[in-house]
Every structure is written in structure tokens, then in C-alpha cells.
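As they're listed, the protein sequences go chains A and B.
Quick note: the first sequence uses my numbering, first residue 1, plus one each step.
Quick note: the second sequence uses my numbering, first residue 117, plus one each step.
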Amino acid sequence: AQKVTQAQTEISVVEKEDVTLDCVYETRDTTYYLFWYKQPPSGELVFLIRRNSFDEQNEISGRYSWNFQKSTSSFNFTITASQVVDSAVYFCALSEADNAGNMLTFGGGTRLMVKP
Amino acid sequence: DTGVSQNPRHKITKRGQNVTFRCDPISEHNRLYWYRQTLGQGPEFLTYFQNEAQLEKSRLLSDRFSAERPKGSFSTLEIQRTEQGDSAMYLCASRVLQGNYGYTFGSGTRLTVV
């Protein structure tokens, strides 16, 4: 069965600090997809990134970067020079290609608070 | 295209009442998913449709929960005889059939059962 663990339930940083959100996953499939979503107070889940299991290259998008390591089953998310607007709950999620429905399995989320 | 729309945004109901939520997905998206999110937790999958066919419903929480997508466009999620434990955010998401690309989520319906 698939499982996603986000061990950090809450992180508090001061603006301009770098912060890394951890995500560890479990799956038996060789083909799967990993996602990160941001959930601001408004409640809507905002898509940030999708990565497939065959692509271990790290990705950078502005202040955001992702580190995918299959050897440790981790898909960590780093925000560089954090800003107050980054305050939200962040979810890591997994979808297995062999699962007909491709439904997402979410971790418990990490609440990030960025203080001015 | 205005994204995934969910109505109502908030619903307060008395225990024992029936409630129905609506989701309007992105028009070209074949697949529609319902998730439930309780306070402090990640979303939990409930059911999904491919066009009008409900292909997975074993994860609906009880037989009080049902969902429909009669014409393959909008979907409704009904909870009968609501209980306080049903209080949660109900999220709808849609995506195209091919590939495994990012799902688009709605803003959710927050249900409070008093």
C-alpha cells in the first residue's frame, strides 16, 4: 500500500531564512508520481510540482527547489529566502501508475509560518 | 475556464439532516475526484468518476455517502443523516484522463454538523 509521511507538522521561520520540508513515501510500484501542493488559508490546493519516478533530476523554480532521491524514498522541498506569503500548509502526495484511478495519497501536511 | 468550482463554500447543518454538495470541474477534464480533509490532516480519497461512470467507491466512508455525475459534467456528493464526525472540508478535483498530470482542486465545501 502506498503511504506518504511528512514528519514536520509545523515549522516556523523568520523571513529570508531558507526552509526545507521533508517528505518520505512508500510504494511497491516502480512507476509513480510525486506531487507537492500548497494550501493557503483560503483552502484551495495549489499545484506546485509533479515528478515521475524515472526522473531523479532536481528541479528549481524561482525560490523553490525539489530534491528527489529514490534511494531514500524522499522528495524534499526547499524554499529559499522565505517570504511571509509562503505561509501555508504544504502537502506532499503520491500517485501510482498501476492504480487505475491514479488517486492521490497525501501526507499529513506541514504548516509553514514565515514571520516578518 | 474558471477552474474547479464547488458550492456551497460553507454549510452548517443539524445532525441527522441530509446535505448535498456540488462540484463543477474544468470542462474538458474526464476524471473527477472527491476527497475529504479533516482538521490538521491531509486530504483523503473518497471516490472518482471517469465521465459519468463511478469507477471506485469502496473508499466512501459509509453507506450514508453517495456521489453522482449524471451527465459526465458536474458531480454531487450527498451525505445522509449527517453526524458530527462528518464535519470536514470536502474537496473536488478534476484532471484529463491521459497521463498523470497535476490535478486541479476546487476551494472545497466546509461542512459543520452541529
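Where is the CB? At the ideal position from N, CA and C, for every residue including glycine.
Note that this is a predicted model, so its numbers are computed, not measured.
Excluding the five sequence neighbours on either side, which residues of its own chain have a C-beta within less than 8 angstroms of the C-beta of residue i, listed in chain order?
i      : result
A:E56  : F68, Q69 and K70
A:Y98  : Reading off the sequence, residue 98 of chain A comes out as Asp, not Tyr. Cβ within range, chain order: D29 and T31.
B:K127 : V135, F137, T225, R226, L227 and T228
A:G62  : none
B:G119 : I142, T220 and G222
So, at 6 angstroms on beta carbons, what are the nonlocal neighbours of residue i in its own chain, with the 5 sequence-adjacent residues on each side left out?
i      : result
A:S95  : Y33, N102 and L104
A:E10  : R111
B:D140 : S121 and F190
A:N58  : N67
A:F35  : R50 and A93
A:S53  : T31 and Y32
With a cut-off of 8 angstroms on the beta carbons, I'd call residue i and residue j a contact; round off their distance for me.
i      : j      : result
B:P159 : B:L227 : Going by Cβ atoms, the distance from B:P159 to B:L227 rounds to 14 angstroms, so no, they are not a contact pair.
A:S87  : A:L48  : In fact, because the Cβ distance is near 15 angstroms, the residues do not count as touching under 8 angstroms.
A:Q2   : A:C23  : With 8 angstroms as the limit, A:Q2 and A:C23 do not qualify as a contact, their Cβ atoms being about 13 angstroms apart.
B:K187 : B:E172 : With 8 angstroms as the limit, B:K187 and B:E172 do not qualify as a contact, their Cβ atoms being about 20 angstroms apart.
B:Q157 : A:G108 : 6 angstroms
A:D18  : A:I79  : 7 angstroms
B:L193 : B:A183 : 5 angstroms
How about residue i and residue j: do their beta carbons lie closer than 8 angstroms?
i      : j      : result
B:Q166 : B:N134 : no
B:S203 : B:Q122 : no
A:F91  : A:Q8   : no
A:T27  : A:F77  : no
B:Y149 : B:F161 : yes
B:R180 : B:Q196 : yes
A:F106 : A:Y25  : no
B:R125 : B:T225 : yes
Counting only Cβ pairs nearer than 7 angstroms, list the residues of chain B close to residue i.
i      : result
A:M103 : Y149, F161 and Y164
A:F138 : What the structure shows of chain A is the stretch from 1 to 116, and residue 138 of chain A is not part of that stretch, so it cannot be assessed.
A:F54  : Under the 7 angstroms cutoff, chain B gives no residues; its nearest Cβ is about 12 angstroms from A:F54.
I'd like the list of long-range same chain contacts for residue i, defined as Cβ closer than 7 angstroms, with 5 residues on each side in sequence excluded.
i      : result
A:Q83  : E15 and V114
B:T154 : A204
B:V229 : T129, R131, T198, E199, Q200, D202 and S203
B:R211 : H145, R147, Y217, Y219 and T220
A:S117 : The question about residue 117 of chain A has no answer, for chain A in this structure spans 1 to 116.
Mind listing the chain C neighbours of residue i? Cutoff is C-beta to C-beta under 7 angstroms, in chain order.
i      : result
B:L176 : No chain C is part of this structure, whose protein chains are labelled A and B.
Name the chain A residues that come within less than 8 angstroms of residue i, Cβ to Cβ?
i      : result
B:L223 : Looking at the sequence shown, residue 223 of chain B is not Leu but Ser. Correct list: S42, G43 and E44.
B:E184 : By Cβ distance, chain A contributes nothing, its closest Cβ being about 17 angstroms from B:E184, past 8 angstroms.
Would you mind telling me which residues of chain B sit closer than 9 angstroms to residue i, beta carbon to beta carbon, in chain order?
i     : result
A:G62 : Going along chain B, no residue has its Cβ under 9 angstroms from A:G62, so there is no contact; the nearest lies around 17 angstroms.
A:F35 : G218 and Y219
A:F75 : Residues of chain B passing the Cβ test: none, with the nearest at roughly 15 angstroms.
Which residues of chain A have a Cβ atom closer than 9 angstroms to the Cβ of residue i, listed in chain order?
i      : result
B:Q157 : F106, G108 and G109
B:L171 : A100 and G101
Report the neighbours of residue i on chain A: residues whose CB is nearer than 7 angstroms to its CB, in chain order.
i      : result
B:G188 : Correct list: empty, because the minimum Cβ distance to chain A is about 16 angstroms.
B:Y206 : By Cβ distance, chain A contributes nothing, its closest Cβ being about 11 angstroms from B:Y206, past 7 angstroms.
Closer than 8 angstroms by beta-carbon distance: list the chain B residues that pair up with residue i, in chain order.
i     : result
A:R28 : Here the premise fails: no neighbours, minimum Cβ distance about 17 angstroms.
Could you tell me which uninterrupted alpha helix (DSSP H) segments, each at least 4 residues in length, are contained entirely in the region 131 to 170 of chain B, listed from first to last along the chain?
Here no run is fully enclosed.
Residue ranges of each beta strand (DSSP E) run of no fewer than 3 residues wholly in the region 57 to 101 of chain A, ordered along the chain?
Within the region 57 to 101 of chain A, the beta strand (DSSP E) runs of at least 3 residues that lie entirely inside it are, in chain order, 59 to 61, 64 to 69, 74 to 79 and 88 to 96.
Could you tell me which whole alpha helix (DSSP H) segments of length 4 or greater appear in the region 6 to 34 of chain A?
Counting only runs of 4+ residues, no alpha helix (DSSP H) is found wholly inside the region 6 to 34 of chain A.
Quick one: complete beta strand (DSSP E) runs, 3+ long, within the region 176 to 204 of chain B?
Secondary structure in the region 176 to 204 of chain B: the beta strand (DSSP E) runs of 3 residues or longer, each lying completely within the stretch, are 181 to 184 and 191 to 195 in chain order.
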